[in-house]
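Numbering (the working numbering), first residue to last: -14 to 320.
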Amino acid sequence: MLEVHHSFYILIAMTTRPILSVVVPVYNEGSGIQTFHANLIKELKPLVGDNYEVVYCNDGSSDDTLDKLSLIAQKNKKCIVIALSRNYGKELALAAGIAEAKGEAVVLIDGDGQHPISALPTFYKAWQDGGQVIVGRRSLKDTESATKKLTSKLFYASYNILTGNKLDRSATDYRLLDREVVDAYLHFSESDRLNRFLIDWLGFDRRSVPITRDTRIAGDTKFTFTALARLALNTLVSSSSRPLHLFLALGACIALGSFILGISVGVEQVLLGDPLGWNFTGTALLGILLLFLVGILLIAQGVNSLYVAATYREAKQRPLYVINKRYSSNLHEEK
Ligand code: UDP
Ligand code: MG
-14 MLEVHHSFYI
-4 LIAMTTRPIL
6 SVVVPVYNEG
16 SGIQTFHANL
26 IKELKPLVGD
36 NYEVVYCNDG
46 SSDDTLDKLS
56 LIAQKNKKCI
66 VIALSRNYGK
76 ELALAAGIAE
86 AKGEAVVLID
96 GDGQHPISAL
106 PTFYKAWQDG
116 GQVIVGRRSL
126 KDTESATKKL
136 TSKLFYASYN
146 ILTGNKLDRS
156 ATDYRLLDRE
166 VVDAYLHFSE
176 SDRLNRFLID
186 WLGFDRRSVP
196 ITRDTRIAGD
206 TKFTFTALAR
216 LALNTLVSSS
226 SRPLHLFLAL
236 GACIALGSFI
246 LGISVGVEQV
256 LLGDPLGWNF
266 TGTALLGILL
276 LFLVGILLIA
286 QGVNSLYVAA
296 TYREAKQRPL
306 YVINKRYSSN
316 LHEEK
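Right, here's the structure in full:
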């Protein structure tokens, strides 16, 4: 009996799953959120009729955003608002929204109007064509300020050099994820996260659609320089241990170099009586010894950090692998 009940509920859950969920993280967007919402609904209706859901995640706004959102939810049953207990930052707000979304496909979009809502049909089409991760790719000559452009260029370049990963500067956070991808994403448990990076890590069938970033409907960017710098450092540390290897290599070079120098000076000067006339003083010899010891210390520290890095990797408890689809022996696809 319990079994029957259970499958009955599963059936209900399946039939009520909306086709499209739209997840919107919002922080102090009170002045533009109603316009955003109206534009969004206008685009969703012709696409999937009533088969949508909008999940607003209020990231501890201090303005009237939450009041406006609760009004929106009152008027439209298909809107869900989750309010976080405080400001956690966009990445975790997105994570909370994704966990709430029930759609067959989940769209992640900024609530400030900078991600063009009019591109939704293109994302949807790419998903229907079989794509599982659809990434909005912007042209790099759009409206950003010169300083923002410079800092983002700097971040991506140093990130890619230091980690050996390839984060693409033109790939935005405006994305559509298939249910399969969302279920896999939900296994991540780390709190230092850059969703873009995690989604890239997951793989799946990736496609991209071109978008042009619009200007904000209202308000200002929520990211200060320090917030961005913190995000950049956290991302670096949580996604690669290559910087540690650099110090290890540096230590090895210094130790090896000074070792060779020390031996040659010892042989040339002490054993052979300085036939080449190098004439190293005692202080210079001390310098070589010091250099050697610094090299050894750097190596020791580097080895030490490798263990720390390994512990850290494990402590994150990332899923080991992710299954996309399953096929049974009679070749019918099972989900
Ligand atoms: N946002 C958020 N929490 C924050 C900062 C931003 O939920 O702590 C939201 C914000 O409301 C917007 C999106 O994340 O919907 C992108 O933020 P913003 O426009 O400030 O970033 P930018 O476009 O400058 O990268
Ligand atoms: Mg923005």
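The beta carbon of each residue, even a glycine, is placed where N, CA and C say it ideally should be. Computed from a predicted model, the values in this text were never measured in an experiment.
Where does residue i sit, in a helix, a strand or coil, going by DSSP?
i        : result
Thr206   : coil
His317   : Unreliable placement is indicated for His317, whose pLDDT of 48 sits below 50; no coordinate value is reported for it.
Tyr297   : helix
Gly272   : helix
Ile245   : helix
Gln302   : coil
Thr136   : helix
Ala86    : coil
Tyr73    : coil
Val120   : strand
Arg164   : helix
Met(-14) : Interpretation of Met(-14) is limited by its pLDDT of 44, a score under 50 that renders its predicted location unreliable; no figure is taken from the coordinates.
Leu93    : strand
Thr148   : helix
Thr266   : coil
With a threshold of 8 Å, establish whether the CB of residue i neighbours any heavy atom of the ligand MG.
i      : result
Arg201 : yes
Please look up how many angstroms separate the CB atoms of residue i and residue j, rounded, as I've assumed it's under 8 Å.
i      : j      : result
Gly17  : Arg201 : 7 Å
Leu283 : Gly236 : 3 Å
Leu77  : Asp158 : So it is not a contact: roughly 13 Å between Cβ atoms.
Tyr37  : Pro10  : About 18 Å; that fails the 8 Å criterion.
Val66  : Val8   : Not quite, the Cβ-Cβ distance comes to about 12 Å (not below 8 Å), so this is no contact.
Ser137 : Arg154 : 6 Å
Ala111 : Arg192 : 5 Å
Gly98  : Phe21  : 5 Å
Leu69  : Ala81  : 6 Å
Pro86  : Val167 : This sequence places Ala at residue 86; Pro is not what is there. Yes, Ala86 and Val167 are in contact; Cβ-Cβ is about 7 Å, under 8 Å.
Ser243 : Leu270 : Going by Cβ atoms, the distance from Ser243 to Leu270 rounds to 11 Å, so no, they are not a contact pair.
Got a list of residues with beta-carbon closer than 6 Å to any non-hydrogen atom of the ligand UDP, in chain order? This selection yields Pro10, Val11, Tyr12, Glu14, Asp44, Asn72, Gly74, Lys75, Ala78, Asp95, Gly96, Asp97, Gln99, Thr206, Lys207 and Phe208.
Extract the residue ranges of the beta strand (DSSP E) inside the segment 166 to 209, only unbroken runs of 3 or more that lie entirely within it. Considered as a whole, the segment 166 to 209 harbours 191 to 196 as its complete beta strand (DSSP E) runs of no fewer than 3 residues, in chain order.
Ranges of the alpha helix (DSSP H) found wholly within the segment -5 to 53, counting only runs of at least 4: The segment -5 to 53 contains, as complete alpha helix (DSSP H) runs of 4+ residues, the segments 18 to 33 (chain order).
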